Amino acid sequence: DGGITQSPKYLFRKEGQNVTLSCEQNLNHDAMYWYRQDPGQGLRLIYYSQIVNDFQKGDIAEGYSVSREKKESFPLTVTSAQKNPTAFYLCASTNKGQVGYGYTFGSGTRLTVV
Amino acid sequence: SQQGEEDPQALSIQEGENATMNCSYKTSINNLQWYRQNSGRGLVHLILIRSNEREKHSGRLRVTLDTSKKSSSLLITASRAADTASYFCATDAYSSASKIIFGSGTRLSIRP
């Protein structure tokens, strides 16, 4: 079955440590996105990529980095520069070629700073 | 920045009743989408309505769009316990529709 796989489901980060969240899709979607969700809040866009080897900053990109070396993969690194990284992180993808197509989401990674 | 804002923030109704959620947005859009999120899970796409459409149905869901008022509503008829979730509207922020912006969501609780 096609879908988006996020791993790990839970992640614990020590102060000053970089961590990488994985996002893999087998939907052959062009565009991929990373969102952050804080408790009881909506989703805020961190980074997005519409094509391999290209990505753009979203509304809250500071302290995060991404890469898009393969169409299927869009990993997110939470760097030590992100001062409040504890949140629920969601990856999504869509078929850019189909205008107005809905997004497919992964099941999320819950990151906690310890 | 948040393009869409849902109203109410929380809604509790009896099973079998209808639930109505509203979404307002700020700028012109190409389309508006509604998503459901069960607690601690990813979002599930429910329905998309284009800017030239006024109403759309999918099963027990009915979505309306009023571009003159920059608002949309999601109606869930004959609610069930399984409808308990958060519901988000999302709009594309630019004419290229390269990304969508989510509202803050409505938390719907269905009482048995």
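Just so you know, the protein sequences line up as chains A and B, in that order.
Every position in the first sequence, counted from 1, becomes a number in this note's numbering once 1100 is added.
Every position in the second sequence, counted from 1, becomes a number in this note's numbering once 323 is added.
For glycine and all other residues, C-beta sits at the position ideal for the given N, C-alpha and C.
As the structure is a computational prediction, the values presented were derived from the model and not from experiment.
Through-space distance from residue j to residue i, alpha-carbon basis
i	j	result
B/L431	B/E340	12 Å
A/S1180	A/K1157	18 Å
A/L1176	B/H368	23 Å
B/S335	B/A408	11 Å
A/L1190	B/T414	17 Å
A/K1109	A/G1208	6 Å
B/R383	A/E1115	47 Å
B/R321	A/Q1106	Beyond the ends of chain B as shown, which are 324 and 435, falls residue 321 of chain B; an answer cannot be given.
B/S324	A/E1162	Note that B/S324 scores a pLDDT of 47, beneath 50, so its modelled location is shaky and nothing firm can be said.
B/I423	A/V1214	32 Å
B/S402	A/E1169	44 Å
A/N1153	A/S1167	7 Å
B/S421	B/A333	30 Å
A/A1192	B/S396	24 Å
A/Q1125	A/K1183	29 Å
B/A404	B/L398	15 Å
Where residue i falls: helix, strand or coil (DSSP)
i	result
B/D330	strand
A/D1159	coil
B/A342	strand
A/F1205	strand
A/D1138	coil
B/I352	coil
B/H447	Residue 447 of chain B falls outside the range modelled here, since chain B spans only 324 to 435, and no answer is possible.
Chain B contact for residue i (CB, 8 Å cutoff)
i	result
A/Y1148	yes
A/L1176	no
A/L1211	no
A/F1112	no
A/Q1141	yes
A/F1205	yes
A/Y1133	yes
A/G1202	yes
Any chain A beta carbon closer than 8 Å to residue i
i	result
B/L371	yes
B/G368	It is worth fixing the name first, because residue 368 of chain B is His in this sequence and not Gly. Yes, its Cβ sits closer than 8 Å to a Cβ of chain A.
B/S324	Residue placement at B/S324 is poorly supported in this model, since its pLDDT is 47, which falls under 50; the coordinates are not used for a value here.
B/S427	yes
B/S396	no
B/G365	yes
B/I336	no
Neighbour flag for residue i against chain D, beta carbons, 8 Å
i	result
A/Q1182	The chain labelled as chain D is not found among the protein chains of the depicted structure, namely A and B.
Checklist entry - If we count Cβ pairs, one from each stretch, closer than 8 Å, do we get three or more for the segment 340 to 350 of chain B versus the segment 1129 to 1140 of chain A? => result no
Next on the checklist: Using a Cβ distance threshold of 8 Å, determine whether the segment 374 to 381 of chain B contacts the segment 1202 to 1209 of chain A, with at least three qualifying pairs required.
Outcome noted: no
Item to check | beta strand (DSSP E) runs wholly inside the segment 371 to 409 of chain B, at least 3 long, in chain order | outcome: 378 to 381, 384 to 389, 394 to 399
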